[in-house]
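Data block below; observations after.
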């Protein structure tokens, strides 16, 4: 059960990273103003930073948690 939670969090971390990269690719290819692109990409990177930080902390917590 413990290893399954860690594996699930690692998978969710990489899914979040993939979604962030794909959405940044979509924004870069979209025909919108440069300022809107900049704001969109900066907000996506910020959101991914905090989501990734949450999953990283959760993974370390589950790894070093005493049973």
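Numbering (my numbering), first residue to last: 198 to 264. Cβ atoms here follow ideal geometry from the backbone N, Cα and C, with glycine treated the same way. As the structure is a computational prediction, the values presented were derived from the model and not from experiment.
Go through its chain and collect everything with a Cβ distance to residue 213's Cβ below 8 Å, but skip five positions before and after it.
Cβ neighbours of residue 213 beyond the five flanking positions: 245, 248, 249, 252.
So, with DSSP's three-state summary, where would you put residue 202?
Residue 202 falls in the helix class under three-state DSSP.
Which stretch, first to last residue, makes up the alpha helix (DSSP H) that contains residue 234?
Looking at the DSSP string, the run of the alpha helix (DSSP H) that includes residue 234 is 231 to 261.
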